[in-house]
Amino acid sequence: MHLEVKDLHVHYGKIEAIKGVSIVVNEGEIVTLIGANGAGKTTMLKTISGLRPASSGQIIFNGQDITSVPAHKRVDLGLSQAPEGRGIFPGMTVLENLEMGKFHRHDRKSEMSEDLEKIYTLFPRLKERTSQAGGTLSGGEQQMLAIGRALMARPKVLLLDEPSMGLAPQMIANIFRIITEINKTGVTILLVEQNAQQALQRAHRAYILETGNVVKEAKASDLLNDPAVREAYLGTGAH
Amino acid sequence: MKNFNLRDFGAGIWERANRPQRVAIAISAIVLASLMPFAGGSFLATPIAAYDAVLVYPVAIFVLMSLGLNIVVGKSGMLDLGYVAFFAIGAYTMGFLGMHTSLNTWEIMPIGIGLAMLAGVLLGIPTLRLRGDYLAIVTLGFGEIIRIVALNVSWTNGPNGISGIPMPPDLGPIKFRLDDQKGFYWIVLVMILLTIWMIRRLSVRRPGRAWEAIRQDEDAAELMGVPTFKYKMWSFTLGAAVGGAAGVLYGSKNLFIAPEMFTLNVSILILACVVFGGIGNIWGVIVGGVVLGYLPDRIRFISDARLLVFGLVLIVVMNFRPDGLLPRKKREKAIVKKGADA
Numbered sequence: 001m002h003l004e005v006k007d008l009h010v011h012y013g014k015i016e017a018i019k020g021v022s023i024v025v026n027e028g029e030i031v032t033l034i035g036a037n038g039a040g041k042t043t044m045l046k047t048i049s050g051l052r053p054a055s056s057g058q059i060i061f062n063g064q065d066i067t068s069v070p071a072h073k074r075v076d077l078g079l080s081q082a083p084e085g086r087g088i089f090p091g092m093t094v095l096e097n098l099e100m101g102k103f104h105r106h107d108r109k110s111e112m113s114e115d116l117e118k119i120y121t122l123f124p125r126l127k128e129r130t131s132q133a134g135g136t137l138s139g140g141e142q143q144m145l146a147i148g149r150a151l152m153a154r155p156k157v158l159l160l161d162e163p164s165m166g167l168a169p170q171m172i173a174n175i176f177r178i179i180t181e182i183n184k185t186g187v188t189i190l191l192v193e194q195n196a197q198q199a200l201q202r203a204h205r206a207y208i209l210e211t212g213n214v215v216k217e218a219k220a221s222d223l224l225n226d227p228a229v230r231e232a233y234l235g236t237g238a239h
Numbered sequence: 001m002k003n004f005n006l007r008d009f010g011a012g013i014w015e016r017a018n019r020p021q022r023v024a025i026a027i028s029a030i031v032l033a034s035l036m037p038f039a040g041g042s043f044l045a046t047p048i049a050a051y052d053a054v055l056v057y058p059v060a061i062f063v064l065m066s067l068g069l070n071i072v073v074g075k076s077g078m079l080d081l082g083y084v085a086f087f088a089i090g091a092y093t094m095g096f097l098g099m100h101t102s103l104n105t106w107e108i109m110p111i112g113i114g115l116a117m118l119a120g121v122l123l124g125i126p127t128l129r130l131r132g133d134y135l136a137i138v139t140l141g142f143g144e145i146i147r148i149v150a151l152n153v154s155w156t157n158g159p160n161g162i163s164g165i166p167m168p169p170d171l172g173p174i175k176f177r178l179d180d181q182k183g184f185y186w187i188v189l190v191m192i193l194l195t196i197w198m199i200r201r202l203s204v205r206r207p208g209r210a211w212e213a214i215r216q217d218e219d220a221a222e223l224m225g226v227p228t229f230k231y232k233m234w235s236f237t238l239g240a241a242v243g244g245a246a247g248v249l250y251g252s253k254n255l256f257i258a259p260e261m262f263t264l265n266v267s268i269l270i271l272a273c274v275v276f277g278g279i280g281n282i283w284g285v286i287v288g289g290v291v292l293g294y295l296p297d298r299i300r301f302i303s304d305a306r307l308l309v310f311g312l313v314l315i316v317v318m319n320f321r322p323d324g325l326l327p328r329k330k331r332e333k334a335i336v337k338k339g340a341d342a
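Residue numbers (UniProt numbering), protein chains in the order written: chain A, 1 to 239; chain B, 1 to 342.
Here it is as structure tokens:
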């Protein structure tokens with residue numbers, strides 16, 4: 001087991017956003033967390049990456065309880081997140097953004113060019129735009145940059161928060177194809193998505209989150225064919 | 001107007017220059033700045049107030065404080081509205097120790113800086129977890145608390161203030177006299193140069209990159225492994241240190257300090273220097289400090305209308321140059337387009 005969340009509760013003030021969620025992500029998997037707006041998907045990721053404190057429950061990563069480890073130290077352990085809404089540094093160039101991804105590994109300068117090369121192979125567009133300001137990239141390029149920057153930290157588990165948000169269909173397909181590619185290089189992925197169709201096609205397993213609770217857990221392919229799930233998350237018109 | 005950009009023009013010259021040329025530029029700038037007190041006979045002369053005194057306070061001390069505040073506001077993006085507190089702590093350290101011990105200004109300087117930094121840490125621990133407006137309100141409150149404490153405790157002599165604070169002892173050929181303030185000016189100039197040197201060193205290293213990331217997106221910075229709290233604390237305490245140093249020197253130059261000198265107005269005025277000159281760009285901030293420090297004294301002859309003109313200049317300039325006279329590099333201002341297109 002690579003990442004395990006046990007009976008997690010998270011509050012915003014008095015409002016309970018996550019009401020006792022337990023999930024498991026095994027090594028090498030793509031696990032997706034799907035659900036409607038306000039189901040608590042982003043809160044789950046923020047709590048796993050350490051941006052939000054857990055009220056109770058446990059987060060276990062590689063056998064270590066990291067529930068009270070601050071976010072910047074979780075990166076050291078191999079947990080890396082591409083934040084919601086892309087969260088790139090708009091005033092830094094593409095290259096500077098990618099270099100920030102290595103902030104915590106500054107003692108290993110030799111890795112830099114090697115990893116940059118990997119990112120540029122994965123996202124040739126970023127190479128073309130290497131000295132352009134992050135804020136001037138298109139939405140899809142910003143998403144690529146956010147994922148590339150997270151990969152610079154050489155994560156064992158990559159957390160992706162709605163990578164398809166606001167992107168054109170072709171770009172969405174492109175991003176998901178790359179997510180599968182990243183997974184094949186041995187990176188475990190926890191993917192939060194509203195675009196259930198794409199997420200379920202790419203993931204191995206899935207959890208459905210509704211108002212802070214897991215209501216269903218299954219193999220992704222099973223959920224794709226589940227009539228109730230199709231009705232609620234894929235739209236009846238989906239083939 | 002659109003094609004000419006003074007900052008890029010200056011940066012271009014600097015980038016094209018080789019090392020000896022850069023040294024030459026830097027040395028000429030420093031020499032020119034050092035000679036400013038001798039320009040009192042020219043059009044620069046200030047009516048009513050003595051020119052050499054105006055150069056020390058407000059001009060040079062404003063520049064120094066603006067540079068310090070810019071570390072906090074411009075570099076790491078934290079809005080501090082209580083910067084005067086650190087200035088006051090420095091000044092009161094000078095006042096109290098100068099009156100009650102045999103320590104001189106230069107010996108008190110590190111103590112004043114240390115106490116200002118300590119205050120920065122104590123204020124920072126509970127407040128640096130706050131962001132934006134909340135941090136602004138808390139720091140504003142802190143500035144007022146320091147002033148009100150100074151007004152009410154006995155060792156500061158309350159509203160009467162502390163008078164007869166000793167002047168600094170001479171440093172070799174540099175003499176400190178009230179009727180000839182060149183010595184004070186040169187000392188503040190040295191402090192300004194040290195601050196610029198410190199900021200430039202830090203900017204190109206890890207702290208600079210961490211501050212830049214925090215300013216642009218604090219959550220993302222944390223996710224990249226930047227210990228954001230630690231770096232915000234460093235930024236805050238370095239700013240406090242510069243404010244404290246300015247305060248010690250001010251106390252020793254002014255010979256008299258009282259709580260009324262450390263009002264919210266000072267915090268706002270220093271912030272105005274930073275914003276007016278160009279937030280985040282040290283050269284802009286220096287210009288801001290010089291202009292806003294010098295202008296009110298230059299136009300003192302129009303007496304009553306003086307502050308009106310000063311306010312008008314602020315409004316007009318900020319309308320035409322909302323990013324300040326010498327703004328930071330443009331690309332840093334690019335706005336993230338959230339959602340839409342691919």
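Idealized CB from N, CA, C, for every residue including glycine. Since this is a predicted model, take the numbers as computed values, not measurements.
Less than 7 Å between C-beta atoms, sequence neighbours within five positions excluded: which residues of the same chain meet that for B/G40?
Y51, D52
Report yes if the C-beta distance between A/T152 and A/L98 is below 7 Å; otherwise report no.
Note that residue 152 of chain A is Met in the sequence shown, not Thr. Yes.
Do A/G166 and A/G139 have their C-beta atoms within less than 7 Å of each other?
yes
Per-residue burial, A/N225 [other beta carbons within 10 Å of its own, 16 or more giving buried]
Burial call: exposed.
With contact counted as at least three CB pairs below 8 Å, one residue from each stretch, are the region 87-95 of chain B and the region 218-237 of chain B in contact?
no
Which residues of chain B have a Cβ atom closer than 8 Å to the Cβ of A/S55, listed in chain order?
Contact note: A/S55 does not reach chain B at a C-beta cutoff of 8 Å; the least C-beta distance is about 17 Å.
Find the residues of chain B that neighbour A/L51, judging by a C-beta separation of less than 8 Å, and give them in chain order.
D219, E222, L223, listed in chain order.
B/E15 bridges to which residues according to DSSP?
Its beta-bridge partners do not exist; DSSP assigns none.
Taking one C-beta from the region 69-76 of chain B and one from the region 278-287 of chain B each time, how about it: are there three or more such pairs within less than 8 Å?
yes
Bridge partners - A/H2, DSSP secondary structure assignment
Assignment of beta-bridge partners to A/H2 by DSSP yields no partner.
Coarse secondary structure for A/E29, derived from DSSP in three states
coil
Buried versus exposed call for A/E117 [16 or more other C-beta atoms within 10 Å across all chains shown]:
A/E117 sits exposed, since fewer than 16 C-beta atoms from the chains shown fall within 10 Å of its C-beta.
Nearest to A/V157 by CA position, among A/V25, A/S131, A/V21, A/R125, is which residue?
A/V25
Taking 7 Å as the CB-CB cut-off, is A/A173 touching chain B?
no
Compare the Cα-Cα distances from B/M191 to each of B/R22, B/I113, B/R306 and report the closest residue.
B/I113
Buried versus exposed, by CB contacts within 10 Å (16 or more), A/L190
buried
Residue 244 of chain A versus A/V214: straight-line alpha-carbon distance, rounded
No statement about residue 244 of chain A is possible, as the shown extent of chain A runs from 1 to 239 and does not include it.
For my contact list, residue 246 of chain A and A/I15 are in at a C-beta cut-off of 8 Å; report their separation, rounded to the angstrom.
Only positions 1 to 239 of chain A appear in the structure, and residue 246 of chain A is not among them; the question remains open.
To which residues of the same chain is A/V75 closer than 7 Å at the C-beta, ignoring the five residues directly before and after it?
H104, A153
Take every Cβ of the region 184-201 of chain A, pair it with every Cβ of the region 32-47 of chain A, and state whether three or more of those distances are shorter than 8 Å.
yes
Please list, in chain order, the chain A residues whose beta carbon lies closer than 8 Å to that of B/V204.
Taking a Cβ-Cβ threshold of 8 Å, none of the residues of chain A is close to B/V204; the smallest such distance is about 12 Å.
Interfacial residues, the region 60-75 of chain A to chain B, with Cβ spacing under 7 Å
A71, H72, V75
Residues of chain B with CB under 7 Å from residue 240 of chain A, in chain order?
Residue numbering for chain A in the displayed model covers 1 to 239; residue 240 of chain A lies beyond these limits and cannot be assessed.
B/L128 and B/K232 - do their beta-carbons sit closer together than 7 Å?
yes
Can you tell me whether DSSP reads residue 345 of chain B as helix, strand or coil?
There is no way to answer for residue 345 of chain B, as the model of chain B reaches only from 1 to 342.
Buried or exposed (CB count within 10 angstroms, at least 16 for buried), B/M194
Looking at the sequence shown, residue 194 of chain B is not Met but Leu. Flag for B/L194 reads exposed.
When the cut-off is 7 Å and only beta carbons count, does B/P227 lie next to chain A?
yes
Three Cβ pairs or more, each shorter than 8 Å: is that satisfied between the region 138-155 of chain B and the region 244-254 of chain B?
no
Using the beta-carbon of each residue, which ones in chain B are nearer than 7 Å to A/P155?
What A/P155 touches in chain B: nothing, since even the nearest Cβ is about 11 Å away.
Using beta-carbon positions only, say whether B/P168 and B/T105 come within less than 7 Å of one another.
yes
State yes or no: is the C-beta of A/R205 within less than 7 Å of the C-beta of A/V31?
yes
Do you know how far the Cα of B/L44 is from the Cα of A/S110?
55 Å
Could you tell me how far apart the beta carbons of B/V287 and B/L325 are, in whole angstroms, since I believe they sit closer than 8 Å?
5 Å
B/F301 burial status per 10 Å Cβ neighbour count (16 or more: buried):
exposed
Own chain, CB closer than 7 Å to B/V290, minus 5 neighbours either side, in chain order
V59, V63
If you measure between the beta carbons of B/L79 and B/A136, is that distance less than 7 Å?
yes
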